[in-house]
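Chains as they are written, first to last, in the numbering used here: chain A, 1 to 254; chain B, 1001 to 1435.
Glycine included, each C-beta is placed from N, C-alpha and C at the ideal position.
This structure is a prediction, so every number in the text was calculated from the model and none was measured.
A short write-up of the structure that comes next.
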Amino acid sequence: MLKIENLHARVAGKEILKGLDLSINAGEVHAIMGPNGAGKSTLGNVLCGRDGYEVTDGTVSYNGMDLLTMAPEARAATGVFLAFQYPVEIPGVNNTYFLRAALNAQRKTRGEKELDSMQFLKLVREKLKVMQISDELLHRAVNEGFSGGEKKRNEIFQMAVLEPKLAILDETDSGLDIDALKQVAQGVNTLRSPDRAFLMITHYQRLLDYVVPDFVHVLADGRIVESGDKSLALKLEEHGYAGLAERHPAGVGA
Amino acid sequence: MNQPVSTPLVESLLEAPLAPSGIAWLDAARQENLAAFAASGLPDTHVEAWKYTALRMLGQRRFVALDMAAPASTVDAASLALPGVDGPRLVFVNGMFRAELSQVGNLPEGLTLQPLSQALAGDAEPLRFSLSRHYREPGDAFARINAARARDGVVLRVAAHVEITRPVHLVFIAAATEMDLAWHARNVIELGEGARLNLVEQHLASGEPTQLATLVSEIEVREGARLQLTVLQNAATSTHLIRHSGLRLQAQAQATLHVLELGGALVRHDLKVELIGDGAQLLTRGVFMPHGRQHIDTQLAIRHQALDTTSDSSWRGVANDRGRGVFRGAIMVAPGADGSDANLSNKNLLLSPSAEIDTKPELEIYADEVKAAHGATVGQLDERSLFYLRSRGIPLAEARALLTAAFCRAVLADLPNEALREHLSTLLVEQLPNT
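In structure tokens, the structure reads:
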């Protein structure tokens, strides 16, 4: 589904990703862990096409398409979704209106029929039930005045409605208390399916107790330096990120 | 002081002699204002209040008085209805009352609503204070010519403790004539103690009239009275519209204003509010959206002159093409107005590289225990918000339109009349590009 090869990217003139390789197949859940500043969030932003992230080398192929040449909205329409680390507050834009505009824009791009308001409401009700989210969030402006936990749950709710093929979760666990974390994890687990892949970017192992990954990768200094199964996360938890750079000097490769 | 330069505009406005009204004090006031206008001429950009609105081009134009112009084109009364505004309606075409377009039958008890021309034909004495006013500020040239020349307008009074439930609708139509016309209208509005009124002032065009129009409104809100005023300015983009609104709020009086500036060529609104009674409260919301080559200038001046008075003002500007917006928000808390609370914000969006908005908040405080905050910004749409919308699949143009509409609509949030709010919201969105 996703094949990243030798990806180099710069932010504000500074090289952050330095030859990253990663392959993800449909149905898999991958976790990317790493210390602050390793390039975790940069990877998520590059994959979603954010301005200011300049790819200087390498390729990203997604279902046979060159992802890097596509506009953010085109990537979304083909099924790429980013749950933001810091979801943006948009005063004056109603959450429901926004989500329907987003879903219909994607459907239009894919040549599918747009949903009318009744059909959309039905879909939203189903998803709310599955995600165990109160419909109160729907009537408010996008993320405006939401607590940290509400914002993250809103991201997961959007993911449930938009049904992406590749969901990238950028530190969705950060700033959540244990109840909110469980709720977010439960939402993700509900959405796991054989034709959907997840890339979970996280600093802590905690989320992985609730969403068990198939693969764990360690990102350090702009490259994947170690890959393994879920036991790798536990190992990191025990030993920390210190010493990673010494074990994997730049230029040697993982 | 330089000798004022007589321009074709000033000459044309002075040309017609003042017709006697038969009321001695009124004729005297008109003569004085005319003489003051002749002496001062037009303000130039050295006058602080006109710093960003140059009258050089307009000063070269000539406009004829109403009675020299050919009759105006016809207006369809049915087209004047506004959603949520179902009360009495007074309609003026080129500044003159038009009975056949108005609805003033069966006025509710306690409401006086009549054209100024009729009010002056009866007992003019109650209007003496308002109509004898002199406009002395260096920038008040147009209020002076209005005071000298206005023959018609609205006289509206709500008796003490009367609540007028249905909104009163004032419509000012600029209708195309053969010659470029100047017209002047004047409103005298008074809410008695404890009275309540919901008022809608609308400016619109019939055809594409090239005109100079002035409107002066003097509004008195007495003790404990509440005024809800909504202004929808949708003049033709060939019309120069210059308004001067003076509000006085007495003790515990409340005024809520929503102002939408959408149309006009050169538009200027001097909005002066005096909080003269303890505990008076003012809320103003406004949006100005110059596009094409429109120039829209709002000068908001709020004076806190009594104890525990509050004002909360939030204005937004959106300029596109070569549009130019000007906003000056001046708050003055006078000595003795202790415990006052003043808030002013002006946020602006530039949608094109040739658009311009000049904003200037001013704060002067001479009292104690005052809370005051003010701020102004000019910028583009927030990149983070744009990316957020795009990352969900919303195309760039649509995302821009969505965010711009939300930015403008924010000023309508406090408008309680839902049907009117929805209508105005639609008008705002229609004014935006790419929608």
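Give the interface partners of residue i over in chain A, defined as CB-CB distance under 7 Å, in chain order.
i        : result
S1391(B) : C48, P72, A76, L82
E1422(B) : Result: empty, since nearest Cβ-Cβ is about 13 Å, beyond 7 Å.
Would the beta-carbon of residue i fall within 8 Å of that of residue j?
i        : j        : result
L191(A)  : M159(A)  : yes
G39(A)   : I4(A)    : no
I168(A)  : I201(A)  : yes
Y62(A)   : L232(A)  : no
A1175(B) : G1207(B) : yes
N36(A)   : D21(A)   : no
A197(A)  : M65(A)   : no
S1238(B) : T1214(B) : no
R1322(B) : A1355(B) : yes
L1042(B) : A1160(B) : no
V1091(B) : I1164(B) : no
H30(A)   : P164(A)  : no
A977(B)  : I1365(B) : Chain B is shown from 1001 up to 1435; residue 977(B) falls before or after that span and cannot be answered.
E1218(B) : H1134(B) : no
By the criterion of Cβ-Cβ separation under 8 Å, what are the contact partners of residue i in chain B?
i       : result
I201(A) : In chain order: nothing, as chain B lies at least about 15 Å away.
I90(A)  : S1385, Y1388, L1389, L1403, A1406
Q158(A) : R1392
D177(A) : Neighbours of D177(A) on chain B: none; closest Cβ ~24 Å, over 8 Å.
Only counting the same chain, and skipping five residues up and downstream in sequence, which positions put a Cβ closer than 6 Å to that of residue i?
i        : result
R1089(B) : S1102, Q1103, H1169
H217(A)  : I32, I224, S227
L68(A)   : V55, V60
P1008(B) : Q1060, R1062
E1220(B) : E1190, R1248
V1200(B) : V1085, P1167, H1169, T1230
T1310(B) : Q1281, D1341
L1351(B) : N1320
V1154(B) : L1090, L1170, N1187
A1036(B) : R1144
A1065(B) : A1016
Using a cut-off of 9 Å between C-beta atoms, extract the partners of residue i located in chain B.
i       : result
L162(A) : R1392, G1393
D116(A) : Here the premise fails: no neighbours, minimum Cβ distance about 18 Å.
Indicate whether at least one CB of chain A lies closer than 8 Å to the CB of residue i.
i        : result
R1285(B) : no
R1409(B) : yes
L1260(B) : no
E1137(B) : no
L1066(B) : no
L1249(B) : no
E986(B)  : The structure shown does not extend to residue 986(B), since chain B is modelled only from 1001 to 1435, so the question has no answer here.
T1435(B) : Unreliable placement is indicated for T1435(B), whose pLDDT of 45 sits below 50; the coordinate value is still reported in the next sentence. Taking Cβ atoms only, chain A never reaches closer than 8 Å to T1435(B), which makes this a no.
Output, in chain order, the set of chain A residues within a Cβ distance shorter than 8 Å of residue i.
i        : result
L1432(B) : Neighbours of L1432(B) on chain A: none; closest Cβ ~13 Å, over 8 Å.
E1190(B) : The premise fails here: E1190(B) is roughly 36 Å from chain A at the closest Cβ pair, so nothing lies under 8 Å.
Does residue i get closer than 8 Å to chain B when you measure Cβ to Cβ?
i       : result
Q119(A) : no
Q106(A) : yes
V93(A)  : yes
A101(A) : yes
D51(A)  : yes
A9(A)   : no
So, for residue i: in the same chain, excluding its five sequence neighbours on each side, which residues have a beta-carbon less than 8 Å away from its beta-carbon?
i        : result
T1053(B) : T1045, L1266, R1268, H1295, D1297, V1326
L1034(B) : L1014, L1018, R1144, I1145, A1148, R1149
L219(A)  : L20, I32, M33, G34, A38, G39, K40, L43, V225
N1023(B) : Correcting the residue identity first, residue 1023(B) is Ile in this sequence and not Asn. Counting only Cβ-Cβ distances below 8 Å, and skipping sequence neighbours, we find L1120, A1124.
K14(A)   : none
E1011(B) : R1062
Residues of chain A with CB closer than 9 Å to the CB of residue i, please, in chain order.
i        : result
L1396(B) : A71, P72, E73
Report all residues from its chain with a CB closer than 7 Å to the CB of residue i; omit the five preceding and five following residues, and keep chain order.
i       : result
E114(A) : N104, R107, K108
V252(A) : For V252(A), the predicted structure reports a pLDDT of 46, less than 50, and the residue's modelled location is therefore unreliable. The matter cannot be settled from this model.
V130(A) : A160, T190
K230(A) : L208, V212, P213, V216
- Is there contact between the stretch 1339-1357 of chain B and the stretch 1313-1329 of chain B, where contact requires at least three CB pairs shorter than 8 Å? yes
- Message: Closer than 8 Å is the cut-off here; do at least three beta carbon pairs connect the stretch 91-104 of chain A with the stretch 129-149 of chain A?
- Response: yes
- Item | At least 3 beta-carbon pairs within less than 8 Å: the stretch 1300-1307 of chain B vs the stretch 1420-1430 of chain B | no
- Message: Under 8 Å, with one C-beta from each stretch per pair, do the stretch 1283-1294 of chain B and the stretch 1249-1264 of chain B reach the 3-pair mark?
- Response: yes
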